[in-house]
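Residue numbers (the numbering used here): 61 to 345.
Backbone N, C-alpha and C fix where the C-beta goes; we use that ideal spot for every residue, glycine too.
Working notes, structure below.
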């Protein structure tokens with residue numbers, strides 16, 4: 061029986077990236093739908109749960125994606141509300157690569173040093189990856205701050221993660237190089253999750269910082285987010301700090317994404333959100 065993955069995307073056009081990884085992860089066919097909301101998915105979900113016998117439902121799964129994490133989370137929740145005993149399929153949330161990218165970055169940082177008790181700063185952390193990574197760092201015992209150009213956005217992100225993961229994060233306004241350098245002045249861990257091609261720190265802002273132990277940068281588009289690092293850095297030591305570049309931990313991200321897709325088809329009751337994806341990332345790292 062064919063393994064069918066239904067790609068429910070909150071954007072108008074389903075992600076090509078997610079489609080490719082889905083095939084690489086073991087799906088036989090990927091069927092993408094765009095522009096989905098909690099209000100228009102009922103018929104689609106019913107189509108996944110009513111069409112195969114109980115023993116065969118494991119061969120159907122749903123992947124929720126899109127660029128908006130909040131919209132994805134709402135859709136993910138709405139999908140599951142249409143399930144009932146005996147009629148459900150496995151489902152995964154990874155809006156904008158948020159869960160898999162964040163999990164891979166934090167898992168690789170964890171292989172390079174202790175996270176618990178450390179002070180961590182997620183630069184430009186209000187996007188999907190930054191928010192989830194901040195929450196994962198906090199769940200590992202770090203004291204975490206999220207920076208943004210506008211304090212309101214940082215506060216909003218911290219509040220969202222408090223609601224979702226019950227973690228306390230600190231919002232910090234940091235609109236320029238100097239304020240971002242000040243934000244990491246006594247940090248032990250820095251993770252940059254800014255927009256593609258935007259440099260957040262220059263080399264002089266971190267190279268001589270005596271407190272810094274580890275840095276990771278999720279930006280693979282030149283210029284990188286942390287000047288003086290390289291996208292290929294894979295736990296490399298620079299200026300006494302361990303560095304992870306976007307491609308350096310991206311290998312794990314892709315392997316993790318593929319592994320999650322494969323596990324969706326092991327039975328029809330898998331629910332892959334941040335916690336389970338992060339657990340798997342730590343095992344794979």
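Flag residue i as yes if its beta-carbon sits less than 8 Å from any beta-carbon of chain B, otherwise no.
{"i": "residue 255", "result": "Here chain B cannot be found, since the structure has a single protein chain."}
What do you reckon, are the CB atoms on residue i and residue j nearer than 8 Å?
{"i": "residue 251", "j": "residue 149", "result": "no"}
{"i": "residue 71", "j": "residue 94", "result": "yes"}
{"i": "residue 247", "j": "residue 180", "result": "yes"}
{"i": "residue 254", "j": "residue 184", "result": "yes"}
{"i": "residue 96", "j": "residue 135", "result": "yes"}
{"i": "residue 153", "j": "residue 124", "result": "yes"}
{"i": "residue 126", "j": "residue 322", "result": "no"}
{"i": "residue 205", "j": "residue 243", "result": "yes"}
{"i": "residue 343", "j": "residue 302", "result": "no"}
{"i": "residue 312", "j": "residue 345", "result": "yes"}
{"i": "residue 62", "j": "residue 78", "result": "no"}
{"i": "residue 186", "j": "residue 214", "result": "yes"}
{"i": "residue 261", "j": "residue 245", "result": "no"}
In the DSSP assignment, find the alpha helix (DSSP H) that holds residue i and state where it starts and stops.
{"i": "residue 121", "result": "Taken as a continuous stretch (DSSP letters only), residue 121 belongs to no alpha helix (DSSP H), being part of the beta strand (DSSP E) at 120–125."}
{"i": "residue 322", "result": "306–324"}
{"i": "residue 298", "result": "It is not in any alpha helix (DSSP H) - residue 298 instead sits in the beta strand (DSSP E) that spans 294–298."}
{"i": "residue 69", "result": "Premise fails: residue 69 lies in the beta strand (DSSP E), 64–69, not in any alpha helix (DSSP H)."}
{"i": "residue 240", "result": "237–243"}
{"i": "residue 224", "result": "211–225"}
Please name the residue in the options whose C-alpha comes closest to that of residue i.
{"i": "residue 66", "options": "121, 84 and 101", "result": "121"}
{"i": "residue 74", "options": "236, 90 and 61", "result": "90"}
{"i": "residue 156", "options": "208, 292 and 69", "result": "69"}
{"i": "residue 139", "options": "257, 331, 273 and 340", "result": "331"}
{"i": "residue 176", "options": "249, 253, 324 and 62", "result": "249"}
{"i": "residue 147", "options": "307, 310 and 110", "result": "110"}
{"i": "residue 286", "options": "264, 334 and 173", "result": "264"}
{"i": "residue 106", "options": "142, 237 and 284", "result": "142"}
{"i": "residue 351", "options": "166, 284 and 301", "result": "The chain is shown only over 61 to 345; residue 351 falls outside these bounds and no answer can be derived."}
{"i": "residue 130", "options": "205, 98 and 115", "result": "98"}
{"i": "residue 325", "options": "299, 214 and 117", "result": "117"}
{"i": "residue 225", "options": "243, 200 and 214", "result": "200"}
{"i": "residue 108", "options": "78, 82 and 64", "result": "64"}
{"i": "residue 290", "options": "259, 245 and 151", "result": "259"}
{"i": "residue 270", "options": "174, 300, 261 and 115", "result": "300"}
{"i": "residue 328", "options": "261, 144 and 294", "result": "144"}
What are the start and end residues of the beta strand (DSSP E) that includes residue i?
{"i": "residue 290", "result": "Residue 290 -> no beta strand (DSSP E), and no H or E assigned at all."}
{"i": "residue 232", "result": "230–233"}
(request) Could you name each continuous beta strand (DSSP E) segment of 3 residues or more that falls completely within the stretch 86–153, going from the start of the chain to the end? (result) 89–93, 120–125 and 150–153
(message) Taking 8 Å as the cut-off, does the stretch 201–219 touch the stretch 230–250 (at least 3 CB pairs, one atom from each stretch)?
(response) yes
(request) Evaluate the contact criterion for the stretch 155–163 versus the stretch 312–322: three or more CB pairs, one atom per stretch, below 8 Å. (result) yes
(message) Pairs of beta-carbons, one from the stretch 188–204 and one from the stretch 332–339, closer than 8 Å: are there three or more?
(response) yes
(message) So within the stretch 177–202, which uninterrupted alpha helix (DSSP H) runs reach at least 4 residues, ignoring any that extend past its ends?
(response) 188–199
(message) For the stretch 262–278 against the stretch 300–308, do three or more pairs of beta-carbon atoms, one drawn from each stretch, fall closer than 8 Å, so that the two count as touching?
(response) yes
(message) Three or more C-beta pairs under 8 Å: does that hold for the stretch 164–175 against the stretch 234–243?
(response) no
(request) Would you mind listing the beta strand (DSSP E) stretches within the stretch 247–274 that are 3+ residues and don't spill past its ends, in chain order? (result) 249–252
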